[in-house]
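Take the sequence shown: its position 50, counting from 1, is numbered 45 in the numbering used here, and each next residue is one higher.
Have a look at the structure below before the remarks.
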Amino acid sequence: MPDESTYFRDQAAHCLKLAAEVDDPAIRERLTTLAGEYARRAETPPPIGPRRKAGRASRP
């Protein structure tokens, strides 16, 4: 499976391709907006989760 940035770039390209083929301006606008969102997510690195403390898990 491709990494996230490749996936989002591919989805953005697909949305732009569909937008060029559709006749309805509202759908074209939505697909173009969605393509921009995918492109933005392709450039943004995934968030890093909180780090865990080393050692044993605490027990209540």
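C-beta: ideal position from N, C-alpha, C; glycine also.
Per DSSP, T39 lies in no alpha helix (DSSP H) segment and is marked neither H nor E. Membership of D(-2) in any alpha helix (DSSP H) is not indicated, and neither H nor E is assigned to it by DSSP. By the criterion of a C-beta distance shorter than 8 Å, G31 is surrounded in its chain by A7, once the five residues flanking it on both sides are discounted. Taking C-beta separations shorter than 6 Å and ignoring five residues to either side along the sequence, H9 has no partners in its chain.
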